[in-house]
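A.B. asks:
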Amino acid sequence: MSYKNIFTGVLGAGVLGSIFLKGSSNVPATPAPPPQLTDPVNVDPAKFFKYGFPGPTHDLENRQGFISCYDRRTRNPYWVVEHITAESLKLKNGNRKNVFFKEDEAIPEMFRARLRDYFRSGYDRGHLAPAADFKYSQNAMEESFYLSNVCPQLHDGFNAGYWMYLEQYCRRLAMKYGSLHIVSGPLYLPKKDPVDGKFRVTYEVIGNPPNVAVPTHFFKLLLADNGKLYAGAYVLPNEPIPQSAKLSEFEVPINALERSTGLQFLQKAKYERLPVEDGMIKLIAETVYD
0 MSYKNIFTGV
10 LGAGVLGSIF
20 LKGSSNVPAT
30 PAPPPQLTDP
40 VNVDPAKFFK
50 YGFPGPTHDL
60 ENRQGFISCY
70 DRRTRNPYWV
80 VEHITAESLK
90 LKNGNRKNVF
100 FKEDEAIPEM
110 FRARLRDYFR
120 SGYDRGHLAP
130 AADFKYSQNA
140 MEESFYLSNV
150 CPQLHDGFNA
160 GYWMYLEQYC
170 RRLAMKYGSL
180 HIVSGPLYLP
190 KKDPVDGKFR
200 VTYEVIGNPP
210 NVAVPTHFFK
220 LLLADNGKLY
230 AGAYVLPNEP
240 IPQSAKLSEF
250 EVPINALERS
260 TGLQFLQKAK
270 YERLPVEDGM
280 IKLIAETVYD
């Protein structure tokens, strides 16, 4: 079964039900009594909020090259948005020499992902908006190393493999179309238990104490603009992916991605489907580059 079938199968595994009236008769139902204008019981749940609002709360970080919406519970971004163009990719004003990952001090300390969380975890600090997209500015390059732009990713076959190929693919699309907006983020998808057949969401958590969730999958939503808008969405499992896999295996409907993430994309845009260029991804996978 292809990766696409697994993904869309999970999202489509809902129960469609209908509500029917039973024992229908011509006798009208007794109307409910009108609500009382004054409540005889002195209760006021909203009064709690004068002591503080519990949330949920996200942290929106607006950097030079990207915007990150940070999830305090998982210590990962909900999403990261970036914009690359044919012109921005031609500039060489920044490099990653002597640039290191760093904690984002704009995030409250008790909810912040820590460098030590990744120590000996077996996972890379994987960029959502890749550093290679920010060579146009040294500041943008350095900001891309904030942990608010990072999630735990497997190294072999993913962060150093197919995810990297997809990042390079995006840069080639930006050169082709002139402008490309990219939304990247983590997913925590259910998996069918082979024993009882039930679907469950399970994922590893790293750190000490264990606070940083390890996503089961990652997505990229691409919006290309050459005067017309073209959009496509891809979901990749956070696991080794064969170099020979076709990108079209990971393409998913945008509305399926919305159902899975609880996010909405492009509801104000009129766009056409972005064609998948498997030949381009194959060429990238076969090429050794810096």
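Each residue of the sequence shown is one higher than the one before, starting from 0 at the first, in numbering that gives the first Met the number 0. Just so you know, even glycine gets a beta-carbon here, dropped at the ideal spot from N, CA and C.
#1: Could you pull out every residue in the same chain whose Cβ sits closer than 8 Å to the Cβ of residue 171, ignoring the five residues on either side in sequence?
#2: Expressed to the nearest angstrom, what Euclidean distance is found between the alpha-carbon atoms of residue 75 and residue 152?
#3: At the level of alpha carbons, what is the spacing between residue 177 and residue 65?
#4: Pull up the distance between the alpha-carbon of residue 69 and that of residue 197, whole angstroms please.
#5: Select from 83, 246, 90, 77 the residue whose C-alpha is nearest the C-alpha of residue 184.
#6: Please look up how many angstroms separate the CB atoms of residue 81 and residue 128, rounded, as I've assumed it's under 8 Å.
#7: At which residues does the beta strand (DSSP E) containing residue 123 begin and terminate?
#8: Alpha carbon to alpha carbon, what distance is there between residue 157 and residue 250?
#9: Considering only the beta carbon of each residue, do residue 200 and residue 186 sit closer than 8 Å?
#10: Nearest by alpha-carbon distance to residue 100: which of 236, 125, 214, 273 is it?
#11: Is residue 260 helix, strand or coil by DSSP?
#12: Can the beta-carbon of residue 264 be found less than 8 Å from the beta-carbon of residue 213?
#13: Are the segment 82–100 and the segment 132–139 touching by the rule of at least three beta carbon pairs closer than 8 Å?
#14: Let me know the secondary structure DSSP gives residue 205 once reduced to three states.
#15: Among the residues of its own chain, which have a CB less than 7 Å from the CB of residue 106, if the five just before and after it don't count?
#16: Give the DSSP-derived three-state secondary structure of residue 75 in the structure shown.
#17: Taking its Cβ as the centre, do 16 or more other Cβ atoms sit within 10 Å of residue 239, making it buried, or is it exposed?
C.D. replies: Put simply:
#1: Position 172 of the sequence shown, counting from 1, holds the residue named residue 171. Within the same chain, residue 171 has close Cβ partners 279, 283.
#2: Locating residue 75 in the sequence shown gives position 76, where the first residue counts as 1. Locating residue 152 in the sequence shown gives position 153, where the first residue counts as 1. Each residue's alpha carbon lies about 12 Å from the other.
#3: One-based indexing of the sequence shown puts residue 177 at position 178. One-based indexing of the sequence shown puts residue 65 at position 66. Looking at the two C-alpha atoms, the distance is approximately 18 Å.
#4: As a first step, residue 69 must be located in the sequence shown, where it is residue number 70. As a first step, residue 197 must be located in the sequence shown, where it is residue number 198. Whole-angstrom Cα-Cα distance: 30 Å.
#5: By 1-based counting over the sequence shown, the position of residue 184 is 185. Of the candidates 83, 246, 90, 77, the one whose C-alpha sits nearest the C-alpha of residue 184 is 77.
#6: For this step, residue 81 is matched to residue 82 along the sequence shown. For this step, residue 128 is matched to residue 129 along the sequence shown. Contact holds; Cβ gap of about 4 Å.
#7: Mapped onto the sequence shown, residue 123 falls at position 124. It spans 123–126 - the beta strand (DSSP E) in which residue 123 sits, taken as one unbroken run.
#8: One-based indexing of the sequence shown puts residue 250 at position 251. One-based indexing of the sequence shown puts residue 157 at position 158. So the two alpha carbons sit approximately 17 Å from each other.
#9: What you label residue 200 is simply residue 201 of the sequence shown in a count that begins at 1. What you label residue 186 is simply residue 187 of the sequence shown in a count that begins at 1. No.
#10: Counting from one through the sequence shown, the residue named residue 100 turns up at place 101. With distances taken between Cα atoms, residue 100 lies closest to 125.
#11: For this step, residue 260 is matched to residue 261 along the sequence shown. In the structure shown, residue 260 sits in a helix (DSSP, three-state: H, G or I).
#12: As a first step, residue 264 must be located in the sequence shown, where it is residue number 265. As a first step, residue 213 must be located in the sequence shown, where it is residue number 214. Not a contact, by the Cβ cut-off of 8 Å.
#13: yes
#14: The residue given as residue 205 occupies position 206 in the sequence shown. Here residue 205 sits in strand by DSSP.
#15: Start at 1 with the first residue of the sequence shown, and residue 106 comes out as number 107. Cβ neighbours of residue 106 beyond the five flanking positions: 58, 69, 147.
#16: Residue 75 sits at position 76 when you count from the first residue of the sequence shown. If DSSP states are grouped into helix, strand and coil, residue 75 belongs with the strands.
#17: Translated into positions along the sequence shown, residue 239 becomes position 240. Exposed, since its Cβ has fewer than 16 Cβ neighbours within 10 Å.
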